[in-house]
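Enquirer: The sequence shown lines up with residues 83 to 205 when you count with my numbering. Don't be surprised by glycine CBs; every beta carbon is placed ideally from N, CA and C.
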Amino acid sequence: MTAIQWSDGAPIYRQLKERVIAMMLDGVLKPGDALPSVRQVAAEYQLNPITVSRAYQELADEALVEKRRGLGMYVTEEAAKKLLFNERERFLREEWPLVLERIMRLGLTAQELLATDVKAGTQ
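(1) Considering only residues of the same chain and omitting the five flanking positions on each side of residue 149, which have a CB-CB separation below 7 Å?
(2) Could you check what DSSP says for residue 151 in three-state terms: helix, strand or coil?
(3) Determine, using beta carbons only, whether residue 137 and residue 102 come nearer to each other than 8 Å.
(4) Flag this pair as yes or no: are the beta carbons of residue 105 and residue 111 separated by less than 8 Å?
(5) Answer yes or no: do residue 185 and residue 195 have a C-beta to C-beta separation smaller than 8 Å?
(6) Quick one, are the C-beta atoms of residue 94 and residue 133 less than 8 Å apart?
(7) Looking only at its own chain, which residues have a Cβ that is under 8 Å from the Cβ of residue 120, when we skip the five neighbours before and after it?
(8) Please name the residue in 129, 117 and 145 whose C-alpha comes closest to that of residue 87.
As structure tokens, then:
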């Protein structure tokens, strides 16, 4: 895992869960990969092991990871597809309408949007 900045806006277990999901979407954690142990994560980020266990349990409840008795938690084969589908649906439902509204308010055309170099912030 990488450095995490905890915010006061959401419970830590949920922030940890979202970080693991981001790692799955980014390909850092691939199907079949083991998640770091609860003890390891708790020690590394100075968290209560119950907090880490709760985040991992929610991932297991959503079938993104599976428990292997005596071995730990592993990313499921379907996790990446399921997450990508869910994230696309959430984007289209929650974020895209706001983006589209702003595009329309600014009078941007599809041609202008496609010609823009997002990384450099130039056209």
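Expert: Well, looking at it:
(1) In its chain, beyond the 5 residues on either side, 142 and 155 have a beta carbon closer than 7 Å to the beta carbon of residue 149.
(2) Note: residue 151 maps to coil in three-state DSSP.
(3) In this structure, residue 137 places its C-beta atom within 8 Å of the C-beta atom of residue 102.
(4) Judged by their CB atoms, residue 105 and residue 111 are nearer to each other than the 8 Å cut-off.
(5) Closer than 8 Å, so yes.
(6) In this structure, the beta-carbon distance from residue 94 to residue 133 falls below 8 Å.
(7) Taking C-beta separations shorter than 8 Å and ignoring five residues to either side along the sequence, the partners of residue 120 in its chain run 131, 134, 135 and 138, following chain order.
(8) Of the candidates 129, 117 and 145, the residue whose Cα lies closest to the Cα of residue 87 is 129.
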